[in-house]
Every structure is written in structure tokens, then in C-alpha cells.
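Encoded as C-alpha cells, the structure appears first; notes follow it.
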Amino acid sequence: MENAEELLARQSADHEAWLNRVPDSVTNYQIKQALNTVPEDRAAVEALVAASEDQNLIDGWNHAAGFKNDHALFIGAVALLGWSQDKVDDYLKLAITFS
Numbered sequence: 114m115e116n117a118e119e120l121l122a123r124q125s126a127d128h129e130a131w132l133n134r135v136p137d138s139v140t141n142y143q144i145k146q147a148l149n150t151v152p153e154d155r156a157a158v159e160a161l162v163a164a165s166e167d168q169n170l171i172d173g174w175n176h177a178a179g180f181k182n183d184h185a186l187f188i189g190a191v192a193l194l195g196w197s198q199d200k201v202d203d204y205l206k207l208a209i210t211f212s
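Our numbering numbers the first residue of the sequence shown as 114 and each following residue consecutively.
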């Protein structure tokens, strides 16, 4: 059986892990708010979408209710931007803080 100190340490570790988790999905509003924190990155995404001439990508960026981090269009856009997985994870973690 855990003593109070062990229980507190475990709960603290569980809470820290929960705070640092990368969400599976975020809303359209949330990802755009996160990207607004670095205007150059927001502009890079907007330019990529506009230049793509891929109507599915354009519609997704403009109208999707949310973005799943394992969706093919999301993964492809990240690859085209040349962003690291850490950078994407940081944006997703930030995005989930916006409501």
C-alpha cells in the first residue's frame, strides 16, 4: 500500500504526463490560434495551402471542424513545411489550451 508521500508523487507524475501529452486531434480554431503565436509559421501554412491547388487541402484548411494528427493531409502538409515532429507536437499541445 502506498503511503501519502508515494501517492502524492505518483499523482504528480500522472498529472505531469497528462499535461505533456500530445492530443490526437484539435479543432480548426485551436490550431489556427496556436499558429498565430508565430505569424511566420501561420503565413507558411497559408502559403502552402494557397499554392497547393489541391481543393481537398484548401477545403480542409478552411472548413474542417478539426485536425487529426495522423490524417494523411495533415502529415503531408507537415512534411512539405519541413517541420520536425517536436515542432508539430508543441503546436498541438499549445492548440489544446485554446477553447
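The beta carbon of each residue, even a glycine, is placed where N, CA and C say it ideally should be.
As the structure is a computational prediction, the values presented were derived from the model and not from experiment.
As assigned by DSSP and simplified to three states, the class of residue i
| i | result |
| --- | --- |
| glycine 195 | coil |
| serine 212 | coil |
| valine 162 | helix |
| valine 139 | strand |
| glutamate 119 | helix |
| asparagine 149 | coil |
| aspartate 167 | coil |
| asparagine 175 | helix |
Burial state of residue i (16 or more Cβ within 10 Å)
| i | result |
| --- | --- |
| valine 139 | buried |
| valine 151 | exposed |
| alanine 126 | exposed |
| alanine 190 | buried |
| tyrosine 204 | buried |
| leucine 148 | buried |
| glutamine 168 | exposed |
Residues that DSSP places opposite residue i in a beta bridge
| i | result |
| --- | --- |
| lysine 181 | Ser138 |
Heavy atom of the ligand SAM within 7 angstroms of residue i beta-carbon
| i | result |
| --- | --- |
| isoleucine 144 | For the ligand SAM, the structure offers nothing, since it holds no ligand at all. |
Residue nearest to residue i in terms of C-alpha spacing, selected from the options
| i | options | result |
| --- | --- | --- |
| asparagine 175 | Ala163, Ala185 and Asn182 | Ala163 |
| isoleucine 209 | Asp137, Asp172 and Ala117 | Asp137 |
| glutamate 153 | Lys206, Asp202, Trp196 and Asn141 | Trp196 |
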